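Asks: Take a look at the following structure, please.
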């Protein structure tokens, strides 16, 4: 994972009032690190992006800084702080993690033809009768969730089953040149069998290890309180049966 300035800044010169663009390529990173020790979460990396240019009109020196951090390493903090000298920042540059290398290295597969032939052609049947989601096969359920994500604008892949688990669907949404990636765990469980904290913790661990933006768990059941508390603390998203039905309803409008 790399941290990059992904959008330009627009600034106004303090001397002459000229407004101009500072392209994202002008920002250089000057990172520093600090080790919080064994009793914390290890090393923290501070990223300081600096762009220095001259005003196109009066040649006044313009400087824009954007500061953000990773703590622990690989967990990006989106609370970016900005400073400027010689100018006023009219539009702040965006700073984002770049997961392109990780995505390029991922091995995807599509469900085999037999599985695909058994999957309903679209979501209309599920929208008309959500209870069907509790009766279809796990592969059909994952494909249905993948289809909902596609209608929300994501590129999706249903992943091959592995021993480490932690993901059933990888979904990517690209705005500009930086993708936002989520990993989705699907739990097609009996309505009386709640999803506990162990499932959420496992996905969270894989998410941190692979530097993924967000982990999502979708279930035909419900979540225990400790699972929801853990997800809230780790910025994960949980969709229980009621949320899933609402999601299906929203998909009708897309």
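Residue numbers (my numbering): 8 to 261. Positions of the beta carbon are idealized from the N, C-alpha and C atoms, including for glycine. As the structure is a computational prediction, the values presented were derived from the model and not from experiment.
#1: With a 10 Å radius around its C-beta and 16 neighbouring C-beta atoms as the bar for buried, classify residue 77 as buried or exposed.
#2: Among the residues of its own chain, which have a CB less than 6 Å from the CB of residue 195, if the five just before and after it don't count?
#3: Is it the case that the region 92-104 contacts the region 69-76, given that we only count it when at least three CB pairs across the two stretches are under 8 Å?
#4: On a CA-only basis, which of 233, 187, 51, 17 is nearest residue 207? Give me that one, please.
#5: CA-CA distance, residue 49 and residue 201?
#6: Go through the region 137-179 residue by residue and report every complete run of the alpha helix (DSSP H) that reaches 4 residues or more, in order.
#7: Suppose the cutoff is 6 Å on Cβ atoms and the five residues either side in sequence are ignored; what does the same chain contact list for residue 34 look like?
#8: Use the C-beta contact count for residue 199: other C-beta atoms within 10 angstroms, 16 or more gives buried, fewer gives exposed.
#9: Could you work out which residue in 80, 255, 193 is closest to residue 9 when comparing CA atoms only?
#10: Kindly give me the distance between the Cβ atoms of residue 100 and residue 14, rounded to whole angstroms, as I take these residues to be in contact under 8 Å.
#11: Since residue 176 and residue 219 are thought to touch, with beta carbons under 8 Å apart, how far apart are those beta carbons, to the nearest angstrom?
#12: Helix, strand or coil for residue 19? Go by DSSP, reduced to three states.
#13: Less than 8 Å between C-beta atoms, sequence neighbours within five positions excluded: which residues of the same chain meet that for residue 242?
#14: Could you pull the start and end residues of the beta strand (DSSP E) that residue 221 belongs to?
#15: Ordered along the chain, which non-local residues of its own chain (more than five positions away) have a Cβ less than 6 Å from that of residue 88?
#16: Can you look up residue 76 in the DSSP assignment and give me helix, strand or coil?
#17: Under 6 Å Cβ to Cβ from residue 53, same chain only, skipping five residues before and after it: list those, please.
#18: Just to check my reading of the structure: residue 251 and residue 134 have Cβ atoms closer than 8 Å, yes? What is that Cβ distance to the nearest angstrom?
#19: How many Å lie between residue 161 and residue 197 at the Cα?
#20: Which word fits residue 123, buried or exposed, when buried means at least 16 other C-beta atoms lie within 10 angstroms of its C-beta?
#21: Checking the sheet assignment: what are the DSSP bridge partners for residue 244?
#22: Per the DSSP calculation, residue 202 is bridged to which residue(s)?
Replies: Straight from the coordinates:
#1: buried
#2: 145, 148, 227
#3: yes
#4: 233
#5: 34 Å
#6: 145-158
#7: 12, 56, 58
#8: exposed
#9: 80
#10: 5 Å
#11: That belief does not hold up - the Cβ atoms of residue 176 and residue 219 are roughly 12 Å apart, past 8 Å.
#12: strand
#13: 221
#14: 221-226
#15: 74
#16: strand
#17: 39, 76
#18: Not confirmed; about 11 Å, so no contact.
#19: 28 Å
#20: A caution first: residue 123 carries a pLDDT of 49, below 50, which makes its placement in the model unreliable, though a value can still be read off. Burial call: exposed.
#21: 223
#22: 230
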